[in-house]
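Residue numbers for the sequence shown follow our numbering, so the first one is 1 and each next one is one higher. Glycine included, C-beta positions come from ideal geometry on N, C-alpha and C. Fair warning: this is a prediction, and the values are worked out from it, not measured in the lab. Report on one structure; see the data block that follows.
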Amino acid sequence: MNLIIDIGNTRFKYAFCIPGKVVKIGVGWEKLLEEMEERKLQGEKLAIFLSGSGRIEESLKVQLEKEAAYWLDASEEVKYPLKIDYQSPTTLGVDRVAVCVGACCLFPETDLLVINSGTAITYNYVTKSKVFLGGNISPGQEIRFRALHLFTAKLPYLEGNAEFGEMGRTTEEAIRNGVMNGMLFEIQRYIDSFYRDFPEGKVVLTGGNSFYMKSKLSPVVAYEENLGFIGLDLILEYNKKNN
1 MNLIIDIGNT
11 RFKYAFCIPG
21 KVVKIGVGWE
31 KLLEEMEERK
41 LQGEKLAIFL
51 SGSGRIEESL
61 KVQLEKEAAY
71 WLDASEEVKY
81 PLKIDYQSPT
91 TLGVDRVAVC
101 VGACCLFPET
111 DLLVINSGTA
121 ITYNYVTKSK
131 VFLGGNISPG
141 QEIRFRALHL
151 FTAKLPYLEG
161 NAEFGEMGRT
171 TEEAIRNGVM
181 NGMLFEIQRY
191 IDSFYRDFPE
201 GKVVLTGGNS
211 FYMKSKLSPV
221 VAYEENLGFI
231 GLDLILEYNK
241 KNN
């Protein structure tokens, strides 16, 4: 069994996986440690992949590594089942590569635009021959709402939801419509540009905030909520076989 631990900018999630399939997803250290102990008592051995950009206490990291039958840490050298054609590979986040690996598994031999809408929105391009070309990074939903609140005198802080329209009739509507439509129009523009260059390609959408957007994009895009975990699991398997 593989255990993927993803420490994000705003939250921590984990997933138990078998190769290519997410079995169970959870949130919180206490719950994870309890489940690890239960699986240990059942004789299960865990290969653990510690990933993400968030912080973890060193003592907890040491404890996890001690429990692992195989250990992979994203802060150290990680091998990828993709060719990385990127000018600054040492600054490339594992999360960006992971969603691309997951997308390549779901849609093999296809040119891909993989959009991950979370704290930031990343636009990632992969060729049908599994070459990661790079992409762009843009402020995500939370950052946009918070920036309007922090850098103006009186605008309130709001959260996004699926209900937004074209023109706001109140200040709250104006903020929500502005942020959500701004993201929608931006994402749609990337999709349109991609299909002009790769008419036989595929757009894959993932990330916590992508749920609000998926039904509003044209043409219909592929949506996979757990794409990051699928990719991280495949990266873990690749390193187990090639180390």
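Per DSSP, the bridge partner or partners of residue i
i	result
Thr190	First, the residue type needs correcting, since residue 190 is Tyr and not Thr in the sequence shown. DSSP lists no partner for Tyr190.
Thr206	Asn116
Val126	Leu112 and Phe132
Cys17	Asn2 and Val22
Ile175	Its beta-bridge partners do not exist; DSSP assigns none.
Trp71	Ile48
Ser277	Residue 277 lies beyond the range of the chain shown here (1 to 243); nothing can be said about it.
Phe164	Answer by DSSP bridge pairing: none, since Phe164 is not bridged.
Test item: CB-CB of residue i and residue j under 8 Å
i	j	result
Leu217	Cys105	no
Ile84	Phe49	no
Met180	Tyr212	yes
Asn239	Val94	no
Ala74	Ser51	yes
Leu46	Met1	yes
Ile5	Phe229	no
Lys264	Leu82	The question about residue 264 has no answer, for the chain in this structure spans 1 to 243.
Asn177	Phe185	no
Thr110	Gly201	yes
Alpha-carbon to alpha-carbon, residue j and residue i
i	j	result
Ile121	Val23	26 Å
Asn243	Gly28	30 Å
Ile56	Tyr14	14 Å
Glu58	Glu65	11 Å
Ile137	Asp197	20 Å
Lys61	Cys17	20 Å
Pro199	Ser215	21 Å
Arg39	Glu76	27 Å
Ala162	Ala153	27 Å
Glu166	Ser88	39 Å
Val114	Pro219	15 Å
Gln188	Leu232	27 Å
Own chain, CB closer than 7 Å to residue i, minus 5 neighbours either side, in chain order
i	result
Asn209	Ser117, Gly118, Gly140, Gln141 and Gly160
Gly54	Ile7, Gly8, Asn9 and Phe12
Glu172	Pro156 and Leu158
Nonlocal neighbours in the same chain, by C-beta distance under 6 Å from residue i, ignoring five residues either side
i	result
Val97	Tyr80
Gly134	Tyr86
Pro19	Glu237
Thr206	Val99, Asn116, Glu224 and Leu227
Leu72	Phe49, Leu236 and Asn239
Val221	Val203 and Leu205
Check: residue i C-beta below 7 Å from any heavy atom of the ligand GDP
i	result
Phe132	Ligands displayed in this structure: none; no statement on the ligand GDP is therefore possible.
Integer-rounded CB distance, given that residue j should sit under 8 Å from residue i
i	j	result
Val126	Leu112	4 Å
Val203	Phe194	6 Å
Ile175	Leu150	Rounded, the Cβ-Cβ distance is 13 Å, inconsistent with contact.
Tyr190	Tyr86	Not confirmed; about 18 Å, so no contact.
Ala182	Arg144	In the sequence on display, residue 182 carries Gly and not Ala. Yes, they are in contact, since the Cβ atoms of Gly182 and Arg144 sit about 7 Å apart, within 8 Å.
Gly43	Glu35	Their Cβ separation, rounded to whole angstroms, is 15 Å, which puts Gly43 and Glu35 out of contact at 8 Å.
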